[in-house]
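Have a look at the structure below before the remarks.
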Amino acid sequence: MPSWRVHRTVLSQALREVSEELGALGERFVKGLYKGVVEPDKVSDKAVKIRVRITRSGRVRVRSYRGYAKHHTVDESLIEYYYNLALYHARRRNAFLSGVALGRAIHYAQDGSVETKRFPVLNVHDRVEEEIEEAIKSFGGDVWKLCRSTKLGREASTQGLEALCVAYEKTSRLLKNFFTELAEPVDVKELRRKVRMIRIAKIWIAVTVAIVAVATVGVSGLVIAIPICIATALYRPKTYYEAMKAGLMVLKPYSFEPAY
Ligand SMILES: [Zn+2]
């Protein structure tokens, strides 16, 4: 997306659709939203890449690289992380941080609405962003009526006006989903119990795999057992994400170092 003004304008227009629900979270939530919707441009999230290489001598080398998270071709898992984090903070009654997190999710969703490359070599990013600014200026309030009345159902566009409506649609969807999920009752006690059971099951699987491997093939069996144990430890079932949205735990995405 182009300027911060556009980010904020799209947000303020989409907020009109959830004006009733907004009341419950109050001013601090809205303040956080406006901070978060522009913040990723100055407080960056880092993307982490892991490369595994086998050298000529047969050694395994693992290296990690850090770079800035992409905005226009953003990974959905980053948007999902901030969306879940917004619910996490809302359930813990921290309205400001909840707003910041949802704002950051919206920022990436809006940036992702501008398709930057029409063909592999032709970058149309600047042209689309100019068209967006132009559409807001020349159509005035009618542009939002148009965006509200059309359902595009696509993820990005190389046409300014269409990209603006895609950004609006995504913003509105994130806000509506957030309030719908927040209104649903959650059984915190039951979720806590399920998480505990899963953790016990994971430990049980890891220990069993290690014992069976060593008992059948000896110490060399650990070569197979260790990756299985790591995969088991890293596996995140749906219950974990439900627990995050209920305010019980934070699951940072594996491929990012988020700012929050
Ligand atoms: Zn951005």
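Per the numbering used here, the sequence shown starts with residue 75, numbered consecutively.
Note that the Cβ used here is the ideal one computed from N, Cα and C, for glycine as well.
These numbers come from a predicted model, not from an experiment.
#1: Do residue 261 and ligand 1 come close, with the Cβ less than 8 angstroms from some heavy atom?
#2: Thinking C-alpha only, which one of 176, 274, 327 and 235 is nearest residue 211?
#3: For residue 51, does the three-state DSSP call read helix, strand or coil?
#4: Where does residue 58 sit, in a helix, a strand or coil, going by DSSP?
#5: Compare the beta carbon distance of residue 183 and residue 206 with 9 angstroms and say whether it is the shorter of the two.
#6: So residue 333 and residue 112 are in contact, right, with Cβ under 8 angstroms, and what is the actual spacing, rounded?
#7: With a Cβ-Cβ cutoff of 9 angstroms, do residue 91 and residue 222 count as a contact?
#8: Can the beta-carbon of residue 88 be found less than 9 angstroms from the beta-carbon of residue 246?
#9: Between the alpha carbons of residue 82 and residue 294, how many angstroms are there, rounded?
#10: For ligand 1, I want to know if residue 119 counts as a neighbour, meaning its beta carbon is within less than 8 angstroms of at least one of the ligand's heavy atoms.
Reading it off the structure:
#1: For residue 261, the shortest C-beta to heavy atom distance toward ligand 1 is 8 angstroms or greater.
#2: Ranking the options by Cα distance to residue 211, first place goes to 235.
#3: Because the chain here runs from 75 to 334, residue 51 falls outside it and cannot be looked at.
#4: Any question about residue 58 goes unanswered here, given that the chain covers just 75 to 334.
#5: Not a contact, by the Cβ cut-off of 9 angstroms.
#6: Actually they are not in contact, since the Cβ atoms of residue 333 and residue 112 sit about 13 angstroms apart, beyond 8 angstroms.
#7: In this structure, residue 222 lies closer than 9 angstroms to residue 91 by Cβ.
#8: In this structure, residue 246 lies closer than 9 angstroms to residue 88 by Cβ.
#9: Their backbone Cα atoms lie some 58 angstroms apart in a straight line.
#10: Residue 119 Cβ: outside cutoff for every heavy atom of ligand 1.
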